[in-house]
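These notes concern the structure reproduced below.
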Amino acid sequence: MLETRVTKLLGIRDPILQGGMAWISRAELVAAVSEAGGLGVLASGTLRPSELKDELRKVRAATSKPFAVNVSLVPAHPDADAKTAALLTDIALDEGVRIFTISAGSPTVLTDKLKQRGAVVIHVVPSARLAKKAEAAGVDAVVAEGYEAGGHVGHDEHTSVVLWPSAVRAVKIPVIAAGGIADGAGMAAALAFGAEGVQIGTRFIATTECNAHASFKQRIVDAPETPTVVYCKSTHPGRALGTPVVERLVALEKGGAGALELEQLRGRGRSRAGCVDGDLAEGILPCGAAAGLVTRVVSVAELMRELVEGYQAAKGRMP
Ligand SMILES: Cc1cc2nc3c(=O)[nH]c(=O)nc-3n(C[C@H](O)[C@H](O)[C@H](O)COP(=O)(O)O)c2cc1C
Numbered sequence: 156m157l158e159t160r161v162t163k164l165l166g167i168r169d170p171i172l173q174g175g176m177a178w179i180s181r182a183e184l185v186a187a188v189s190e191a192g193g194l195g196v197l198a199s200g201t202l203r204p205s206e207l208k209d210e211l212r213k214v215r216a217a218t219s220k221p222f223a224v225n226v227s228l229v230p231a232h233p234d235a236d237a238k239t240a241a242l243l244t245d246i247a248l249d250e251g252v253r254i255f256t257i258s259a260g261s262p263t264v265l266t267d268k269l270k271q272r273g274a275v276v277i278h279v280v281p282s283a284r285l286a287k288k289a290e291a292a293g294v295d296a297v298v299a300e301g302y303e304a305g306g307h308v309g310h311d312e313h314t315s316v317v318l319w320p321s322a323v324r325a326v327k328i329p330v331i332a333a334g335g336i337a338d339g340a341g342m343a344a345a346l347a348f349g350a351e352g353v354q355i356g357t358r359f360i361a362t363t364e365c366n367a368h369a370s371f372k373q374r375i376v377d378a379p380e381t382p383t384v385v386y387c388k389s390t391h392p393g394r395a396l397g398t399p400v401v402e403r404l405v406a407l408e409k410g411g412a413g414a415l416e417l418e419q420l421r422g423r424g425r426s427r428a429g430c431v432d433g434d435l436a437e438g439i440l441p442c443g444a445a446a447g448l449v450t451r452v453v454s455v456a457e458l459m460r461e462l463v464e465g466y467q468a469a470k471g472r473m474p
C-alpha cells in the first residue's frame with residue numbers, strides 16, 4: 156500500500172494508472188489493472204458508441220474496483236467526427252463511469268460538464284504551462300506526459316525529467332508522471348520529483364491481457380535501446396516504432412511535405428492495422444522510448460508486483 160493524494164482521489168491501492176491506449180486498452184487489460192490495485196483506463200476514442208457500452212459492461216463483469224475512461228478530444232476512430240468525444244463522454248457518464256482522463260485538447264471543453272455530473276477529471280498535459288491551465292479549468296489532477304511517451308507527444312518536446320518537477324512546482328493539484336516509465340525505478344524517480352502517481356502505457360502493451368497483436372508485443376521485447384521515432388512533427392507529432400510507413404512519413408516531412416500530404420499518408424486506420432492486426436509494413440505502432448527497457452511479456456498481476464517491488468528496491472538503493 157503506497158498512499159498518496161492520487162490513491163485517495165481514485166480509491167486505488169497503488170498510485171499506478173495504465174494509460175488509455177487507442178485500440179489496445181480494452182476491457183480485459185483495464186479490469187486486470189484495476190483488480191491488481193492500479194487504475195485501468197479504457198480508451199474510448201477508437202470505439203464506436205455501442206462498443207463503448209459493451210466494453211464498460213465487460214469491465215464491470217470482471218471487476219468491482221475503480222477504473223476510468225479516456226476521452227481523446229482529437230477524433231481517433233476512422234468514423235469519428237468533432238462531436239464524437241462529447242457523445243462518448245455522455246455514454247460513459249450514463250453508464251455510471253466516475254473517473255475520466257481527457258487528452259489532446261483544451262481542459263475547458265469537458266471539465267465543467269464532468270464536474271457537474273460528479274466525476275473525477277484528470278487532464279493529460281505536455282507542459283507546466285498547460286498544467287496551470289488545466290488547474291484553472293477545475294480538473295482534479297494532471298498527467299504530466301513527457302516527450303518519451305508513446306502515442307501523441309507535445310510540440311514543445313518537454314522531456315519527463317524536466318517536465319515532472321516543473322509541473323509539480325506549477326500546480327497545487329496532484330501530478331501524475333508519464334512518459335518513459337517501465338519499471339519500479341522509473342516510478343521511484345517520478346515520485347522523488349514530487350509526482351503522486353505514475354501513468355504507464357508502453358510497458359502495459361507487453362502483457363498477456365493486452366489485445367495488441369503478438370508481433371507488436373514481440374517488437375517491443377526485441378526493441379533496441381533507442382527504438383522509437385517521432386513523426387509528423389509539424390502537424391500532430393506521434394512517437395512510434397520505426398516501421399516502413401513511419402520511416403516514409405519522416406522522409407516525406409524532411410523533404411518539405413505539407414500537412415495535407417502528411418496526414419493523408421498517416422491516415423486513421425494505420426494504428427489499428429499495426430497494433431491489432433500486426434501489419435508491420437503498412438501499420439503504425441505507437442510506442443514510447445521505454446520499449447528499450449522491456450524484456451518480456453508478463454501478466455498484469457506480475458507487472459504490478461514488479462513495479463511496486465522495484466519501487467521499494469529503488470528507494471532502498473538510495474545512498
Ligand atoms: C499505443 C498507444 C496508444 C495511445 N493512445 C492514447 C489515447 O488514445 N489517449 C491518450 O490519452 N493517450 C494515449 N497514449 C498515451 C498513454 O496513455 C500514456 O500516457 C503513455 O503511453 C505514457 O508513456 P509511456 O508509453 O512511456 O509509458 C497512447 C500510448 C500508446 C503507447
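No gaps in the numbering here: position 188 of the sequence shown is 343 in our numbering, and each next residue is one more.
Every residue gets a Cβ at the ideal spot worked out from N, C-alpha and C, and that includes glycine.
Indicate, with yes or no, if ligand 1 has a heavy atom lying under 7 Å from the CB of residue i.
{"i": "I246", "result": "no"}
{"i": "P204", "result": "no"}
{"i": "E300", "result": "yes"}
{"i": "C442", "result": "yes"}
{"i": "C430", "result": "yes"}
{"i": "N366", "result": "no"}
{"i": "G305", "result": "yes"}
{"i": "T381", "result": "no"}
{"i": "S258", "result": "yes"}
{"i": "I179", "result": "yes"}
{"i": "V279", "result": "yes"}
{"i": "T357", "result": "yes"}
{"i": "I167", "result": "no"}
{"i": "S227", "result": "yes"}
{"i": "G335", "result": "yes"}
{"i": "M176", "result": "yes"}
With a CB to CB cut of under 7 Å and the five nearest residues on each side skipped, what residues in its chain are close to residue i?
{"i": "D236", "result": "P230"}
{"i": "R272", "result": "L248"}
{"i": "P262", "result": "H278, K288, A289, A292, V294"}
{"i": "L407", "result": "E416, L417, L420"}
Would you please state the rounded distance, in angstroms, between the beta carbons of residue i and residue j? I believe it to be under 8 Å.
{"i": "T162", "j": "E190", "result": "That pair is no contact at about 16 Å."}
{"i": "S321", "j": "A283", "result": "4 Å"}
{"i": "G438", "j": "V400", "result": "7 Å"}
{"i": "D295", "j": "V276", "result": "5 Å"}
{"i": "A340", "j": "G465", "result": "6 Å"}
Can you name, in chain order, every residue of its own chain whose Cβ lies under 8 Å from the Cβ of residue i, other than the five neighbours on each side?
{"i": "W319", "result": "A299, G301, V330, A332, A345, F348, G349, A350"}
{"i": "V226", "result": "S199, G200, A240, L243, T244, A247, F255, T256, I257, S258, L265"}
{"i": "R425", "result": "V400, E437, G438, I439"}
Taking residue i as the reference, give the member of the options with the closest Cα.
{"i": "V463", "options": "G443, I336, P233", "result": "I336"}
{"i": "R253", "options": "R451, V431, P221", "result": "P221"}
{"i": "R324", "options": "R427, E290, K409, G334", "result": "E290"}
{"i": "G251", "options": "K238, T263, A223", "result": "A223"}
{"i": "F359", "options": "H391, G447, S454", "result": "S454"}
{"i": "C430", "options": "E416, G411, P382, S370", "result": "S370"}
{"i": "A446", "options": "N366, K238, G166, G334", "result": "G334"}
{"i": "K213", "options": "H313, K372, A182, V196", "result": "A182"}
{"i": "A469", "options": "G397, A412, T363, A343", "result": "A343"}
Consider the Cβ of residue i: report whether some Cβ of chain C lies at a distance smaller than 8 Å.
{"i": "A347", "result": "Chain labels in this structure do not include chain C; a single protein chain is all it has."}
Practice prompt. With a floor of 4 residues, list each alpha helix (DSSP H) that falls wholly inside the segment 311 to 390, ordered by position along the chain.
Written response: As far as the segment 311 to 390 is concerned, its whole alpha helix (DSSP H) runs of at least 4 residues are 315 to 325, 339 to 347, 357 to 360, 369 to 376.
Discussion item. My parser needs the beta strand (DSSP E) runs of 3 or more residues fully inside the segment 207 to 274; what are they?
Written reply: The segment 207 to 274 contains these whole beta strand (DSSP E) runs: 222 to 227, 254 to 258.
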